[in-house]
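Chains as they are written, first to last, in my numbering: chain A, 97 to 407; chain B, 44 to 328. Here a beta-carbon is modelled for each residue, glycine too, at the ideal position from N, C-alpha and C. Just so we're clear, the structure is a prediction, and the values are computed from it rather than from any experiment. Structure first, then comments.
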Amino acid sequence: MKSGSNALTVVGSNAKSKSIKSVLKKNIGFAFILLWIIGFLVFRLYPFLSSLFYSFTNFNLFTGISEYGISNYKEIFSDKKIMESLGITFTYAFITVPLKLIFALFIAYILNFRIRGVNLFRTAYYIPSILGGSVAIAVLWKALFRDQGLINGALSLIGVEGPNWLSDSKYALFVISLLRVWQFGSAMVLFLAALKGIPVDLYEAAIIDGASKWRQFFKITLPLITPVVFYNLVTQLVQAFQEFNGPYIITQGGPRGSTTLFSLLIYKRAFQMHEMGMASAMAWVLFIIVMTLSVIAFASQNKWVYYGDER
Amino acid sequence: MKIFKRNSIGIIIKYFILIFVGFIMVYPLIWMVGATFKSNSEIFTSLSPFTSKPTLDGYKNAMNNYGGEINLLKSMANTYSYVLPKVLFTVISCTITAYGFGRFNFKGKKILFALLISTLFLPQVVMNVPQFILYNNFGWVDSPIYLPLVVPSLFAFDTYFVFMIFQFLRGIPRELDEAATIDGCNALQTLVLVICPVLKPAIVSCALFQFMWTSNDYMGPLLYVNTPARYPATIFVKLSMDADSGFDWNRVLAVSLVSIIPSLVVFFFAQKNFVEGITAGSIKG
């Protein structure tokens, strides 16, 4: 096909214009991605690199740059509040990501049995994922967990006196985490699609061999859906480390800093205190953490992710 | 199939779990709808979404102006004044980019595609500060036509959608392109006349997700919209909560609910596309 079109251009044209034309023709795909390349350079690469530069300055939005050096990074690793916030962010991610995946897989596993009204259930479970990030739902969450809110009302029915969820530093992070876990629907939809792709005869063979349900799950189901487990794990991790809306709207990082996720601190430094240099340094610390975790996940892939015949 | 039939207790347990968990998941939303029709003194007194004395006070107060310059409906109009162009631009730029990567070979394609994928893992939080500085230098902050929120979408900024359409495109046989070429279509005509109609499900999913995410976006407007008259719904909802928290919950919840009605309507009409969309955008190799 390619040689055919080259042959056509040769007819009635000299060698030079032939080569220009064929170069054009060979690289016409480039024209289609040009928009993206421009956007990538202007809106991604330049800001990305400039923030690395800013992170080594004391750039203030109004007074500009007057110092260069690594003082921002020194401050990050010596400031107790910043390190605490990093710890909270790790806790948040390591609570929400596994819980979300376990819930998602559990419900998807049940839905995968020939359940009537699968679509109805799937919709019900999926709505929170679609709306969960909105401010409106954060407001609802505040109403649910306030002192006399719905949750404590429900607890009092079974004779339990609920705590003051949002003003007790022991519980506030848990409430914020629950908002994310509640949105397990999108991960569930992916699990469900993967489960439906597993050939039934595999299970039939296992049953003939006398394998229990548990054994079937761990020896057949789980290995075959590891690519989706991997995908969900990585995307959820990246998202969890950037959570902002929930804590910002529901608790403003409180009480006593117990829900101050790192993104809140970056926001505060950058857009309330206008310390763009410091905020850039913090953003880079977060970026390196997220990147390290992603790299670990990718590097561990061939140990536990099963890609069928491809690898 | 007969494997699963013999155990009817198992089936009952499964339905029980599904209904129980589903109920807990959805109940807050149902309660929220009911609460908007209650009086403030009644809202937190019962767990039921129903009330014997329904009132529209919450909705009436929800329509009040806030600070004289912005109200709920105006803020929603503001939201969709940038959501709709952004959705349109995203669909066009991402389809073109996905077509370029999916159907052509050119120098550096592998590296460029790897860069595109790597932006999927780049946290937006990292980009907020330098992007703000950039847009500030452009003079785009507080732009009346929401330039910082809209312009990047002209350049396939949200690479997730490029990837989603790219994955879908891989499933479309190349013979289709070849037939179009033989019929005299150039590459652009092939895309518009032949590929786009087949890509429609992916394009619709992409539009729907961008619609939802942009409508829900809070960080963007928080950074780039400073004039109250231009506040979108997300900012308005947060403000009305801050102003009233503690006593006027029916108003606050009514504001919240009304602000997500368009999203809810879109979701219920297009559920299937959402499910197909996220499945297409993730795996398949």
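Helix, strand or coil, according to DSSP, for residue i in the structure here?
i: residue 164 of chain A; result: strand
i: residue 156 of chain A; result: strand
i: residue 339 of chain A; result: coil
i: residue 371 of chain A; result: strand
i: residue 113 of chain B; result: strand
i: residue 99 of chain A; result: Residue confidence for residue 99 of chain A is low, a pLDDT of 42 falling below 50, so the modelled location carries little weight and cannot support an answer.
i: residue 261 of chain B; result: coil
i: residue 284 of chain A; result: helix
i: residue 99 of chain B; result: coil
i: residue 189 of chain A; result: helix
i: residue 105 of chain A; result: Legend: pLDDT at residue 105 of chain A = 44, less than 50; position of this residue unreliable, value from coordinates given subsequently. Residue 105 of chain A falls in the helix class under three-state DSSP.
i: residue 184 of chain B; result: coil
i: residue 228 of chain B; result: coil
i: residue 270 of chain B; result: coil
i: residue 378 of chain A; result: helix
i: residue 85 of chain B; result: coil
i: residue 257 of chain A; result: coil
i: residue 296 of chain B; result: helix
i: residue 354 of chain A; result: coil
i: residue 277 of chain A; result: helix
i: residue 398 of chain A; result: helix
i: residue 106 of chain B; result: coil
i: residue 211 of chain B; result: helix
i: residue 351 of chain B; result: Limits of chain B in this structure are 44 at one end and 328 at the other, which puts residue 351 of chain B out of reach.
i: residue 123 of chain B; result: helix
i: residue 160 of chain B; result: helix
When you compare only the Cα positions, how much space is there between residue i and residue j?
i: residue 296 of chain B; j: residue 79 of chain B; result: 6 Å
i: residue 253 of chain A; j: residue 318 of chain B; result: 37 Å
i: residue 94 of chain B; j: residue 106 of chain B; result: 22 Å
i: residue 236 of chain B; j: residue 126 of chain A; result: 20 Å
i: residue 382 of chain A; j: residue 169 of chain B; result: 7 Å
i: residue 72 of chain B; j: residue 120 of chain B; result: 24 Å
i: residue 297 of chain A; j: residue 231 of chain B; result: 45 Å
i: residue 182 of chain B; j: residue 156 of chain A; result: 17 Å
i: residue 232 of chain A; j: residue 143 of chain B; result: 39 Å
i: residue 29 of chain B; j: residue 307 of chain A; result: Lying outside 44 to 328, the shown extent of chain B, residue 29 of chain B is not represented and no answer is given.
i: residue 186 of chain B; j: residue 129 of chain B; result: 15 Å
i: residue 150 of chain A; j: residue 343 of chain A; result: 27 Å
i: residue 98 of chain A; j: residue 127 of chain B; result: Because residue 98 of chain A carries a pLDDT of 41, less than 50, the predicted location of this residue cannot be relied on, and the following value inherits that uncertainty. Spanning the two alpha carbons is a distance of roughly 41 Å.
i: residue 196 of chain B; j: residue 52 of chain B; result: 52 Å
i: residue 213 of chain B; j: residue 133 of chain B; result: 20 Å
i: residue 86 of chain B; j: residue 309 of chain A; result: 46 Å
i: residue 60 of chain B; j: residue 67 of chain B; result: 11 Å
i: residue 123 of chain B; j: residue 277 of chain B; result: 11 Å
Thinking residue i and residue j are a contact (beta carbons under 8 Å), I'd like their distance in whole angstroms, please.
i: residue 228 of chain A; j: residue 261 of chain A; result: At roughly 18 Å, the Cβ-Cβ gap does not stay under 8 Å, so residue 228 of chain A and residue 261 of chain A are not in contact.
i: residue 69 of chain B; j: residue 223 of chain A; result: 7 Å
i: residue 217 of chain A; j: residue 207 of chain A; result: 6 Å
i: residue 355 of chain A; j: residue 275 of chain A; result: No, residue 355 of chain A and residue 275 of chain A are not in contact; Cβ-Cβ is about 11 Å, not under 8 Å.
i: residue 283 of chain A; j: residue 332 of chain A; result: 7 Å
i: residue 196 of chain A; j: residue 280 of chain A; result: 5 Å
i: residue 191 of chain A; j: residue 64 of chain B; result: At roughly 19 Å, the Cβ-Cβ gap does not stay under 8 Å, so residue 191 of chain A and residue 64 of chain B are not in contact.
i: residue 340 of chain A; j: residue 185 of chain A; result: Going by Cβ atoms, the distance from residue 340 of chain A to residue 185 of chain A rounds to 11 Å, so no, they are not a contact pair.
i: residue 280 of chain B; j: residue 302 of chain B; result: 5 Å
When the Cα of residue i is compared with those of the options, which residue comes out closest?
i: residue 327 of chain A; options: A/285, A/358 and A/181; result: A/285
i: residue 146 of chain A; options: A/366, A/376 and A/387; result: A/376
i: residue 230 of chain A; options: A/345, A/363, A/387 and A/388; result: A/345
i: residue 388 of chain A; options: A/243, A/204, A/337 and A/212; result: A/337
i: residue 362 of chain A; options: A/288, A/179, A/208 and A/217; result: A/179
i: residue 153 of chain A; options: A/332, A/357, A/372 and A/379; result: A/372
i: residue 199 of chain B; options: B/302, B/141 and B/57; result: B/141
i: residue 402 of chain A; options: A/265, A/340, A/324 and A/366; result: A/324
i: residue 330 of chain A; options: A/256, A/385, A/119 and A/144; result: A/385
i: residue 379 of chain A; options: A/169, A/121 and A/158; result: A/169
i: residue 218 of chain B; options: B/146, B/155, B/207 and B/257; result: B/146
i: residue 258 of chain B; options: B/153, B/275, B/301 and B/270; result: B/275
i: residue 300 of chain A; options: A/313, A/289 and A/288; result: A/313
i: residue 250 of chain A; options: B/260, B/278 and B/92; result: B/92
i: residue 253 of chain B; options: B/150, B/180 and B/321; result: B/321
i: residue 258 of chain A; options: A/213, A/265, A/193 and A/243; result: A/243
For residue i, is the beta carbon positioned less than 7 Å from some heavy atom of the ligand COA?
i: residue 331 of chain A; result: With respect to the ligand COA, the structure offers nothing, as it holds no ligand at all.
message: With three or more C-beta pairs closer than 8 Å as the rule, is the stretch 212-228 of chain B touching the stretch 159-175 of chain A?
response: no
If we count Cβ pairs, one from each stretch, closer than 8 Å, do we get three or more for the stretch 243-257 of chain B versus the stretch 161-176 of chain B?
no
Q. Can we say the stretch 348-363 of chain A touches the stretch 394-405 of chain A, given the rule of at least three CB pairs closer than 8 Å?
A. no
Tell me, please, whether the stretch 263-278 of chain B touches the stretch 186-193 of chain B by the rule of three or more beta-carbon pairs shorter than 8 Å. yes
TODO: Please confirm if the stretch 98-105 of chain B is in contact with the stretch 155-162 of chain B, defined as three or more CB-CB distances below 8 Å between the two stretches.
DONE: Under the three-pair Cβ rule at 8 Å, the stretch 98-105 of chain B does not count as touching the stretch 155-162 of chain B.
Okay, do the stretch 237-246 of chain A and the stretch 292-309 of chain A touch, 3+ Cβ pairs below 8 Å being the bar? No, the stretch 237-246 of chain A is not in contact with the stretch 292-309 of chain A.
Original post:
Does the pairing of the stretch 129-148 of chain B with the stretch 128-145 of chain A give three or more beta-carbon distances under 8 Å?
Top reply: Between the stretch 129-148 of chain B and the stretch 128-145 of chain A there are three or more C-beta pairs closer than 8 Å, enough to call the two in contact.
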